[in-house]
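**Student:** Heads up: the sequence shown begins at 1 in full-length UniProt numbering, then just goes up one per residue.
All C-beta atoms in this analysis are idealised placements derived from N, C-alpha and C, irrespective of residue type, glycine included.
One structure, pasted below without further comment.
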Amino acid sequence: MELRADGSGRGLWTGFLRSAQLFPDRPAVVAQGISLSYRQLRESAVRIAACIQAHCEGSWTPLTAVFAHRSTTAFAGVLGSLLAGNGYMPLNRTFPVERNRSMLVRAECRSIIVDAASLPQMDALMAGADEPLLVIAPDLADPRAYRERWPRHVVVGAADLEGYADWREPDAREDAIAYLLFTSGSTGVPKGVMVAHRNVIAYVDHAAERFAITELDVVSQTFDMTFDLSASDMFVAWERGASVCCPSQKTLLNPGRFIREHALTVWFSVPSMVALMKQAGLLKPGGFPSLRLSLFCGEPLPLTSVEAWAVAAPNSIVENVYGPTELTIACTGYRWDPKRTPAESEMGIVPIGAPFPGMDVLVVDERLDEVGPGADGELLMRGPQMSLGYWQDQGKTAASFVVPPGRNDVFYRTGDRVRRPAGDGPLTHLGRLDSQVKILGHRVELGEVEAVVREASGIDGVVAIGWPITSSGYGGIEVLIEGGPVELDELRAAVAARLPDYMVPRRWHVRGRLPRNANGKYDRKAMPAVLGDSQ
1 MELRADGSGR GLWTGFLRSA QLFPDRPAVV AQGISLSYRQ LRESAVRIAA
51 CIQAHCEGSW TPLTAVFAHR STTAFAGVLG SLLAGNGYMP LNRTFPVERN
101 RSMLVRAECR SIIVDAASLP QMDALMAGAD EPLLVIAPDL ADPRAYRERW
151 PRHVVVGAAD LEGYADWREP DAREDAIAYL LFTSGSTGVP KGVMVAHRNV
201 IAYVDHAAER FAITELDVVS QTFDMTFDLS ASDMFVAWER GASVCCPSQK
251 TLLNPGRFIR EHALTVWFSV PSMVALMKQA GLLKPGGFPS LRLSLFCGEP
301 LPLTSVEAWA VAAPNSIVEN VYGPTELTIA CTGYRWDPKR TPAESEMGIV
351 PIGAPFPGMD VLVVDERLDE VGPGADGELL MRGPQMSLGY WQDQGKTAAS
401 FVVPPGRNDV FYRTGDRVRR PAGDGPLTHL GRLDSQVKIL GHRVELGEVE
451 AVVREASGID GVVAIGWPIT SSGYGGIEVL IEGGPVELDE LRAAVAARLP
501 DYMVPRRWHV RGRLPRNANG KYDRKAMPAV LGDSQ
């Protein structure tokens, strides 16, 4: 296949195909102990794409579900979906079956790619499929039993895929959906975020250049595909011919060993993984010499965490990047500097920095009017990375994608509270707007409580919650601390010396490990369930 020379023909898959031509024998992905070269991954993806094109021609829904987890089939499935002209919609076998079924039905997918480890859940998943599905199972040697169980559906196994060779490169439409990700909604119903090819390409172009990715890089893939940061690892690496190295869930329990064994050069994770490694004593001086770039996103990055990481990865640049799913992976960045960063940090949290090219920032008050320099408010952003909105939900789209007073363009409301820089300083993240709670009539920013406890305890894994719920707000603040040991009497005294009485936690909980969601972030909604005994 000849790549198209004009930019109008560029899809999210184009970078991968170019790398497959330039570096056919270099490793494209390593997962489950299996390494696939660019040539091998392209062949697998093209067969999947040809199969989808053969069976789903004319299907109005441009989405293929990928029900595969940390396997080579997962990566081939993502590429195969795109090469067929569809967007991909990842499912996650660690999710409850009902949630996966709801996502599959709501996305109206007519095709699904499933790996060997996810096949046992397919019977329950198929129970909710009202329309016939194309089920592509590249790891399935003998599909006959599944065909008997699912007579309404088309089941394609490994041997069948070998016969699909008639692939046609799809037309690249910049506003077509590249992926659909369902994120938690405030009503309990997940929101489907539609991210277009042009959104991801804008991010990939900047990230590949900013981070100087080359074919010699080995890039971590710590995120599940249901977390949008996984798209960065894949498409930035494949844009430049680098290798994506995906650990198993078990391997992730010792990320330091994973870094060393695979000689990773690029690391990307949520900050709470650093807190865990620090608490477990895994951040030894010079422990990760192969790393040249370390990226953190998804949560506030404590200054103490990045300082400990820099000691373990002395050859690495460290960047804190920020971005909600609706703004495509990450849209601001800040490069850590041991001399400058402590003074620019606020509440012990590393700044989120400056917007990526083409992204405009607006910091507003409750009326969506811009605040002055140095003031705090809600962060609004617009630009080439702003997504298409929410799948089949015009109401939520209109509520979150707004035209502020005096403006002509649509901005996305992030719900994050930031401080507008005074002069040339960086944006600083002050927490979620909904992380403010009312205690005895006082507005309390939980992030401030967490910052004081982190500094006083020397422990990064700290979560503050309002609890219990009362008619007027919350009865008080409770703090959960990950790890230990902690001398609570001394800690209480140190915190009480810095905070007013109504902000001092009334109960303290030390746990070996705090709940996390599927994306590896602290699961704040699950914290009340683990309060138990307190001190």
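Leaving aside the five residues before and after residue 296 along the sequence, list all residues of the same chain whose C-beta is less than 6 Å from its C-beta, in chain order.
**Tutor:** Contacts found: 271, 320.
**Student:** Distance, Cα to Cα, residue 457 vs residue 510?
**Tutor:** Rounded to the nearest angstrom, the two C-alpha atoms are 12 Å apart.
**Student:** Among the residues of its own chain, which have a CB less than 6 Å from the CB of residue 365, if the five just before and after it don't count?
**Tutor:** Cβ within range, chain order: 371, 377.
**Student:** Find out if the Cβ-Cβ distance for the pair residue 90, residue 179 is shorter than 9 Å.
**Tutor:** In this structure, residue 179 lies closer than 9 Å to residue 90 by Cβ.
**Student:** Mind checking residue 278: buried by the 16 CB within 10 Å criterion, or exposed?
**Tutor:** It is buried - the Cβ of residue 278 has at least 16 other Cβ atoms within 10 Å.
**Student:** So, with DSSP's three-state summary, where would you put residue 504?
**Tutor:** Coil.
**Student:** Where does the unbroken alpha helix (DSSP H) through residue 21 begin, and where does it stop?
**Tutor:** Start and end: 14-22.
**Student:** How about residue 450 and residue 479: are their beta carbons less than 9 Å apart?
**Tutor:** Yes, the Cβ-Cβ distance between residue 450 and residue 479 is below 9 Å.
**Student:** Closer than 6 Å by C-beta to residue 324: which residues in its own chain qualify, once you throw out the five before and the five after it? Chain order, please.
**Tutor:** So the list reads 414, once near-sequence residues are dropped.
**Student:** Can you pull the DSSP bridge partners for residue 267?
**Tutor:** In DSSP, residue 267 forms a bridge with 294.
**Student:** Say whether the stretch 260-268 touches the stretch 208-221, bearing in mind that this needs 3 or more beta-carbon pairs closer than 8 Å, one atom from each stretch.
**Tutor:** Touching, per the Cβ criterion.
**Student:** Could you tell me the boundaries of the beta strand (DSSP E) in which residue 429 lies?
**Tutor:** Start and end: 428-432.
**Student:** Would you mind working out which of 208, 418, 339 sits nearest residue 363, comparing C-alpha positions?
**Tutor:** The option with the nearest alpha carbon to residue 363 is 418.
**Student:** Residue range of the beta strand (DSSP E) that residue 333 falls in?
**Tutor:** Counting along the chain, the beta strand (DSSP E) containing residue 333 begins and ends at 332-335.
**Student:** Measure the C-alpha to C-alpha separation of residue 257 and residue 245 and round it to an integer number of angstroms.
**Tutor:** Cα to Cα, the separation comes out at about 13 Å.
**Student:** Could you tell me if residue 25 is buried or exposed, where buried requires 16 or more neighbouring beta carbons within 10 angstroms of its beta carbon?
**Tutor:** Its Cβ having fewer than 16 others within 10 Å, residue 25 is exposed.
**Student:** Pick out whichever of 380, 393, 519 has its Cα sitting closest to the Cα of residue 402.
**Tutor:** Cα-wise, what sits closest to residue 402 is 380.
**Student:** Going by DSSP in three states, residue 272 sits in which element: helix, strand or coil?
**Tutor:** Looking at residue 272 - three-state DSSP - the assignment turns out to be helix.
**Student:** When you compare each of 291, 242, 460 to residue 255 by their alpha carbons, which one comes out closest?
**Tutor:** Measuring from the Cα of residue 255, the nearest candidate turns out to be 291.
**Student:** Look up residue 350 in the DSSP assignment and say whether it is helix, strand or coil.
**Tutor:** In the structure shown, residue 350 sits in coil (DSSP, three-state: anything other than H, G, I, E or B).
**Student:** Look up residue 183 in the DSSP assignment and give the residues it is bridged to.
**Tutor:** DSSP, once it has assigned bridges, lists 191 as partnering residue 183.
**Student:** Quick one: is residue 162 buried, meaning 16 or more other Cβ sit within 10 Å of its Cβ, or exposed?
**Tutor:** Looking at its Cβ environment, which holds fewer than 16 other Cβ atoms inside 10 Å, residue 162 is exposed.
**Student:** Ends of the beta strand (DSSP E) at residue 381?
**Tutor:** 376-382 is the span of the beta strand (DSSP E), which, as asked, contains residue 381.
**Student:** Could you give the distance in angstroms between the alpha-carbon of residue 461 and the alpha-carbon of residue 474?
**Tutor:** Rounded to whole angstroms, residue 461 to residue 474 spans 23 Å at the Cα level.
**Student:** Tell me whether residue 128 is buried or exposed, calling it buried when 16 or more other Cβ atoms sit within 10 Å of its Cβ.
**Tutor:** Residue 128 is exposed by the Cβ-count criterion.
**Student:** Could you spell out where the alpha helix (DSSP H) holding residue 126 opens and where it closes?
**Tutor:** Counting along the chain, the alpha helix (DSSP H) containing residue 126 begins and ends at 122-126.
**Student:** Mark residue 149 as exposed unless 16 or more other C-beta atoms lie within 10 angstroms of its C-beta, in which case mark it buried.
**Tutor:** So residue 149 counts as exposed.
**Student:** Do you know how far the Cα of residue 239 is from the Cα of residue 214?
**Tutor:** Going from the Cα of residue 214 to the Cα of residue 239 covers about 9 Å.
**Student:** Suppose you measure from the CA of residue 4 to the CA of residue 526; what does that come to, to the nearest Å?
**Tutor:** With a pLDDT of only 42 at residue 4, under the threshold of 50, the placement of this residue in the model should not be trusted; the figure read from the coordinates follows. Looking at the two C-alpha atoms, the distance is approximately 49 Å.
**Student:** Can you give me the Cβ contacts of residue 336 inside the same chain, cut-off strictly under 6 Å, excluding the 5 residues immediately before and after it?
**Tutor:** Taken in chain order, the residues that qualify are 306, 318.
**Student:** Look up residue 89 in the DSSP assignment and give the residues it is bridged to.
**Tutor:** Residue 89 is bridged to 65.
**Student:** For the beta strand (DSSP E) containing residue 438, name the first residue and the last one.
**Tutor:** Residues 436-439.
**Student:** Do you know whose CA, among 316, 394, 339, 428, lies nearest residue 350's CA?
**Tutor:** When only C-alpha atoms are compared, the closest one is 428.
**Student:** Within 10 angstroms of its Cβ, does residue 394 collect 16 or more other Cβ (buried), or is it exposed?
**Tutor:** It counts as exposed.
**Student:** Please work out which residues of its chain come closer than 6 Å, Cβ to Cβ, to residue 204, disregarding the five sequence neighbours upstream and downstream, and give them in chain order.
**Tutor:** Answer for residue 204: 235, 236, 239, listed in chain order.
**Student:** What residue from 170, 491, 21 has the CA that sits closest to residue 455's CA?
**Tutor:** The shortest Cα separation from residue 455 among 170, 491, 21 belongs to 491.
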